[in-house]
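Structure, as C-alpha cells:
Protein chains in written order, with the working numbering: chain A, 17 to 239; chain B, 494 to 861; chain C, 16 to 345.
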C-alpha cells in the first residue's frame, strides 16, 4: 500500500542532502537516514492503472518533515529505530521498530523539538502478514501531527504497551487486544473490553470467521 | 475518612441497568462508606462490531451505520465518515452542499448540547430542564425530519455532498429558529447557571488538570474546560468553517461547572454559525461529481472533526477496492471515558453522578 | 356525640371517636389521592406538559387507578431479604403518618381533633417513628441501594427533626401552649396576627426542615433516583410500595396542616367557613412544596448535613433567643 510512496522517499532524501529550507534544527545530522528497508506488502494497490503519477507536493513536504523527525529519533535511540518513512497527503508516517516502540513514542512526546503530546488516534490493522498498530500524534505546541506505527507478527503479536507513558491509550490498547489479539507488554490491566472474557478469537482479524468462532455457551458471561 | 475504626469496603454495581448511566454502562464502585476507593468502568454491552461490519460494506453503505454510533448527534457522525472519504479522494464539494452540511451539523450540535443540559440537570435532581430542552430539540428534530426524512438516524450526508436539497421554506424556518433559540439559551442561563444548589453540586467537582487532559487524550468540551484551546473547527479547519465568525469557548477550572457552561456557550456559538450559514447559503447543486462506485486509492487516511462530544475521527485503510480494508472510528466518548476512574477515586458517592454526567458520554459511541 | 374533648369517656363518645377517626382517615385518603393528582398536574403545567388526563374526566381518577394497579400487583419479597422485617417495615412507616393527623385542628368546631395538651410534641415524636420503618425497609431489602437510601434518610430525618422542633419552639413561646387548638386560638387574638409575622425566621426554618423531613426535592436524597435508583424502597412492589408512597404523601398533607396551624392561623379567616380556610392554606403550602420540587436540583448529602447543623440549627436557636428577648421587651 505504501509502494507508490517509494519514489517520493528516495527523491526527498536526495533533496534533504542538498539542504532544504524546511529542515528543522535537529535535522542537521542527516547521515542517520538509513536506507529504507521495504518488506513486501501484500496489500498491493491498484496502482498499475495510473503509474506515472506526478509526485504530490504535500507528500514530499510531509516526507521531508518525517525524515527530520527520524533523524532526531535515531540520534537519540540509535539507528534502525525508524524502519520506514512515508507520508499520506500531508501527514508523515514513521514506522518504528516494535522493540523501541515505547522509547520512540516517549521521545516524541518529551523532546521539546517534537513535543507530540496528544494522541488523536490509536488503531490496529491486520494486514494478513503482520499486524500494524498506528498512532496519530498531535503536537499542541507546534500544531503539527504525525503518524507513527509499528508492526508485529500475527501469530506472536506482542508490542510494548504505551499505557505507562500515555494513560490515554489504555482502553484503546485493550480494544486492540480484544479485537486483534495483540498483547501489549506492560499494560496494567489488559482485559477484553468489548467482548466478554472467554470469547473465542479476535473479530477484526481477517481470517476470523463467524462460524468457526461461534461463541461457546461456556464462553458467555454468567449472571 | 481516616478514622481508626476499621470499616469494610462495599462493592456497588452501578449499572448496567441504572437510571443515570445513560445507557448500558456499568461501573463497579468500591465504596468505603460513601467514599469511592476504586471504580472500574465496564463497557461493551452495546458493542455491535460496526468496524467489522464496515469492512464488508461500500462507503455509502457505511453511512447509516455511523448514525447508530452517537445517535444523539448523527449528522456529525455522517459527516466524519464522508469527510474522510472526500479527503482521500480530494473531492470538491459544491458550496450549497457545504452550507447545508454546516447548518445540519451545527443544529445537531445544538440538539446534542441541549440534551446534555437536560439529562445533566436530571442527574442532579432537577426535573424541569429535562422537559424544557425537549421542546427546543423537537424543533430541531422537526427540521431534520423535513430535510432528511428521519428524526434520529438521518443518513443525510453522502460522499460529495448531501442526499437531498432543503425543501422549500426550510432555510426560512432555520432563520426563524435562531432568535427563538437565543431567547431560550438566555432562559436556561437564568434558570440554571445561578442556582445555588446547582453551583454547590458542580463547582470544583471533577477537576481535570491540563496535563491529565492531554495525557488521557481528552477532546472536545472536556479538554476545553481545562483551558486548552483546541477546537478542530478552528485548529484544523475543515469544511467551510473558516468562513464563519464564531468563538472557541474555553474555561479555566476544568470542573463540572465549566463543562456545563461551555455546553451552554457553545449553543450560542453554534447559533452564530447557523445564522451566518443560513444567511449566505448559495444556490446550486447539492452533490458534487462523484463516481458511481467510490474507490479510495490505496493508503491510509485519517481525518477528524469536532463532534458534539469531542474529536470524532475516521481512519480508513484502503486497498483500492470499493470497500474499506479497515475502518476505525475514533469515538470521543470512548476516549474521554477513560479518565473517569482517575476522577472518581477519592470522591464521595454523591459526586459520582455529577462527574459521570459531565463527561457526557453516549454509550452507542463508546461501544461502537 | 362529637364533642368528646370536654366530656368523660362513655360508650357513645367512644363510638363517636371511632367514627370520627374513620371519617378523618377516609377524608385524608381522598385528600392524598388528589394531592398526588395535584402534584402531577401542577408539575406538569410547570414543565409545559398536560399531566394526567386519561382516566376519568381531566384524569381525576388517575391516582385511584394507580393505587388499584399497585394493589393488584404481585407482592415480591426478594429471596435474600429479611422476610419478617421486610413485611413489617412499610407498616411501621405508614401507621404513624396517620396517627399524627389526630391532633391537627381542621375546623373551628374541633369535631375530629384530639385536644391533646402536648399536640406539637406528639406530632414530632410520632413522625420520628416513621424513620424506623424506612431504615428497616432499607436494611431488610438486602440491597445496597436500599441500605444506603435507608441510612441516608435516617441521618437526614434525625438531623432535620432538630431544626424543625426548634423552629416550632418560637411559636410555643408566643402562645404558651403545646396544644394546637390553643395555638390557633392564640393567633386569632395575637397583636401581631398570625405567627408567620412575628415568627418569620421560624417559619422559614420550619419550611426548609419540613421539606427535608418529607424527603422531597431538593432534599430527596434517600430516594435520589439518579444515584440510588429508588432509595430505601427499591425492592418493594405492590401494596407495600403503595404503603411507602402513601405515607410519604400523608406526611405532605400532615406537615402542610401543621405549618398552617402553627404559622398561618389554622382555620382562622374572615367570611369563608373555617374548614375552607384551612383547606386553602394547606393547599397553598402543598403547592409551594411542589413548586420547589419543579424548580430545584438536588443537594448533596454532606452539604445537606452541614446545612442542617451549621445553618438551620443556629438560625433556629437565634430565633428562640430573639423571640424570648422581644417578648420580654414588648
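Just so you know, even glycine gets a beta-carbon here, dropped at the ideal spot from N, CA and C. Nothing here was measured: the structure is a model prediction, and the numbers come from that model.
The beta carbon of residue 236 (chain C) falls within 9 Å of a beta carbon belonging to chain B, placing the residue at that interface. Chain A has a Cβ within less than 9 Å of the Cβ of residue 709 (chain B).
Residues 558, 861 of the same chain have their beta carbon placed closer than 6 Å to that of residue 543 (chain B), with the five preceding and five following residues left out of the count. At least one CB atom of chain A sits nearer than 9 Å to the CB of residue 797 (chain B). Around the beta carbon of residue 793 (chain B), 16 or more other beta carbons sit within 10 angstroms, so the residue counts as buried. Of C:145, C:27, C:183, C:248, the smallest CA-CA separation from residue 133 (chain C) is found for C:183. Residue-level contact by beta carbon fails for residue 639 (chain B) and chain A, as no gap is shorter than 9 Å. Around residue 208 (chain A), the same chain offers 190, 193, 194, 215 as residues with beta carbons nearer than 8 Å, after the five sequence neighbours per side are excluded. Residue contact check for residue 837 (chain B) against chain C: no CB pair falls below 9 Å. Residue 219 (chain A) counts as buried, since no fewer than 16 other beta carbons sit within 10 angstroms of its beta carbon. In this model, residue 855 (chain B) and residue 516 (chain B) are separated by some 7 Å (Cα to Cα). If you draw a 10 Å sphere on the C-beta of residue 41 (chain C), you find fewer than 16 other C-beta atoms in it, and that means exposed. Setting aside the 5 residues that flank it on each side, residue 150 (chain A) is surrounded in the same chain by 137, 138, 139, 140, 141, 163, 164, 165, each with a C-beta closer than 8 Å to its C-beta; the list follows chain order. Note that the C-beta distance between residue 807 (chain B) and residue 576 (chain B) is below 9 Å. Residue 24 (chain C) and residue 128 (chain C) have their alpha carbons spaced roughly 15 Å apart.
Using a Cβ-Cβ cut-off of 9 Å, residue 545 (chain B) is close to 195, 219, 220, 224 of chain A, given in chain order. Rounded to whole angstroms, the gap between the alpha carbons of residue 701 (chain B) and residue 758 (chain B) is 19 Å. Contact between residue 118 (chain A) and residue 100 (chain A) is ruled out by a C-beta separation of about 19 Å, above the 8 Å threshold. The contact set of residue 503 (chain B) on chain C, defined by CB atoms closer than 7 Å, consists of 159 in chain order. With contact defined as three or more Cβ pairs closer than 8 Å, the stretch 723-731 of chain B and the stretch 635-654 of chain B are not in contact. Chain B has a Cβ within less than 9 Å of the Cβ of residue 163 (chain C). Under the Cβ distance rule, residue 721 (chain B) counts among the residues neighbouring chain A, one pair being separated by less than 9 Å.
Annotated three-state conformation of residue 165 (chain A) is strand, per DSSP.
Rounded to the nearest whole angstrom, the C-alpha separation of residue 709 (chain B) and residue 831 (chain B) is 7 Å. Going by DSSP, residue 200 (chain C) is part of the alpha helix (DSSP H) stretching over 195-204. For the stretch 543-622 of chain B, the continuous alpha helix (DSSP H) assignments of 4+ residues that do not extend past its boundaries occur at 543-547, 552-560, 567-582, 588-616, in sequence order. If you draw a straight line from the Cα of residue 584 (chain B) to the Cα of residue 525 (chain B), it is about 57 Å long.
In the structure shown, residue 323 (chain C) adopts helical secondary structure according to DSSP, grouped into three states. Taken atom to atom, the span from the alpha-carbon of residue 610 (chain B) to that of residue 851 (chain B) is near 9 Å.
Listed along chain A are 183, 184, 186, 187, each with a C-beta nearer than 8 Å to that of residue 831 (chain B). At a cut-off of 9 Å between C-beta atoms, residue 628 (chain B) counts as an interface residue with respect to chain C. Contact annotation, residue 161 (chain C) with residue 249 (chain C): C-beta distance approximately 5 Å; criterion of less than 8 Å satisfied.
In this structure, residue 777 (chain B) and residue 588 (chain B) form a Cβ contact; the two beta carbons are roughly 6 Å apart against a cut-off of 8 Å. Against residue 313 (chain C), the close residues of chain B are 617, 618, in the order they occur along the chain (beta-carbon pairs closer than 7 Å). Sorting C:158, C:319, C:201, C:123 by C-alpha distance to the C-alpha of residue 172 (chain C) places C:319 at the top. Closer than 9 Å to the CB of residue 175 (chain A) there is not a single CB belonging to chain B.
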